[in-house]
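Residue numbers (our numbering), protein chains in the order written: chain A, 3 to 207; chain B, 3 to 85.
Glycine included, each C-beta is placed from N, C-alpha and C at the ideal position.
Owing to the predicted nature of the structure, the values given are computational and were not obtained by experimental measurement.
One structure is given here, and the rest of the page talks about it.
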Amino acid sequence: LVVLGALGAAGGAWLYLREEKGRRARARRQAELRALALGQGNFQLQDQAGRPRRKSDFRGQWVLLYFGFTHCPDVCPEELEKLSRAVELLEREPGLPPLQPLFITVDPQRDDAAALGRYLRDFHPRLLGLTGSAEEVRAAGSAYRVYASAGPPDEAGDYIVDHSVLIYLLGPDGLLLDCYGRAKSAEHIARSVRRHMRTYQPLHD
Amino acid sequence: AGGEMSAPTMEERKACWGARDEFWQCLDRHADNASQCEKLRRSFESLCPQQWVKYFDKRRDFLKYKKKLETEGYHPSETGGKS
């Protein structure tokens with residue numbers, strides 16, 4: 003009985019230390035992201051209904067953001083499915099603030115409001131898509147250090163835009179709280195977003 | 003945006019991916035001997051935009067190279083030439 007008690011205590015201590023390690027790793031990562039302070043600026047774009055949208059319009063909201071383009075062969079549909087699924091998972095939980103799914107194009111030349119409307123309706127119903135002039139779109143992307151480079155067009159005028167692939171979590175203060183790469187599942191993203199929502203403390207007023 | 007083709011719809015994307023997968027499965031069955039898979043290759047090319055065919059061809063090369071690295075390991079002495 004004493005041995006079982008000791009094992010139980012050791013097991014409990016090991017679990018606590020592992021949790022602690024995870025907490026510290028996450029805290030370090032969050033501190034690094036805050037130091038980078040990505041996502042400054044106040045982009046001015048238009049949504050798929052042609053309405054003007056500024057970044058400041060999203061203050062007070064949680065946002066899950068992805069940069070891509072509609073002529074994308076596979077990555078963008080996969081990432082948007084994943085993003086949509088993560089939002090759906092969180093929608094099922096009462097007591098969590100709403101999460102706004104957001105898409106910004108890296109191909110403003112072809113992705114006008116109509117193109118975004120056609121493309122995005124296959125994903126989450128609240129998924130908002132933004133486009134604008136080349137300068138506006140570039141400015142929005144560079145605030146998040148998004149890499150985007152259009153390849154040479156073929157005879158049909160078609161081209162692929164090579165771009166960095168990340169899903170960004172923005173907190174209600176508009177700053178970047180976390181980002182998720184290709185390997186992160188929808189379930190991982192939902193868990194992470196839930197954790198951020200529960201532990202959120204605004205840095206600024 | 004005028005004059006350019008619309009992006010493939012969800013249905014068109016899935017048809018393209020299906021044709022690509024069938025072609026790749028054929029290549030897997032025939033140790034990448036593309037001459038054994040000409041019909042599926044044509045189907046793949048007809049259902050996917052040209053730019054996507056090029057992109058997926060490169061992707062297959064990359065995936066095979068990656069698999070080779072994982073199974074055989076990296077042997078710098080064999081690559082010769084470039085450093």
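Query                                                                                                                     : Result
Chain B contact for His73 of chain A (CB, 8 Å cutoff)                                                                     : yes
Separation of Gln42 of chain A from Val108 of chain A, as counted between CA atoms                                        : 18 Å
Unbroken stretches of the alpha helix (DSSP H), 4 residues or longer, contained in the segment 8-52 of chain B            : 12-31 and 40-49
The segment 95-106 of chain A touching the segment 13-26 of chain A, judged by at least three CB pairs closer than 8 Å    : no
Through-space distance from Asp76 of chain A to Glu1 of chain A, alpha-carbon basis                                       : Outside the shown range of chain A (3 to 207) lies residue 1 of chain A, about which nothing can therefore be said.
Completely contained beta strand (DSSP E) runs for the segment 85-151 of chain A, where each covers 3 or more residues    : 101-107 and 130-133
Residues of the segment 35-64 of chain B whose Cβ lies closer than 9 Å to any Cβ of chain A, in chain order               : Cys50, Pro51, Gln52, Gln53, Trp54, Lys56, Tyr57, Phe58 and Arg61
Neighbour-count burial assignment, Gly20 of chain B, 16 or more Cβ in a 10 Å radius                                       : exposed
Helix, strand or coil at Ser85 of chain B [DSSP, three-state]                                                             : In this prediction, Ser85 of chain B scores a pLDDT of 48, lower than 50, which makes its location untrustworthy; the coordinate-derived value is nonetheless stated afterwards. If DSSP states are grouped into helix, strand and coil, Ser85 of chain B belongs with coil.
Under the three-state DSSP convention, the category Pro54 of chain A falls into                                           : strand
As assigned by DSSP and simplified to three states, the class of Gly70 of chain A                                         : strand
Same chain, Cβ closer than 6 Å to Arg56 of chain A, neighbours up to 5 away in sequence not counted                       : Asn44 and Gln46
Inter-residue spacing [alpha-carbon to alpha-carbon] between Asp59 of chain A and Ala152 of chain A                       : 29 Å
Sufficient close CB pairs (3 or more, under 8 Å) joining the segment 157-177 of chain A to the segment 119-138 of chain A : no
Inter-residue spacing [alpha-carbon to alpha-carbon] between Asp34 of chain B and Cys18 of chain B                        : 20 Å
Meets three-Cβ-pair contact criterion under 8 Å: the segment 148-165 of chain A and the segment 117-131 of chain A        : no
For Leu177 of chain A, the three-state DSSP class (helix, strand or coil)                                                 : coil
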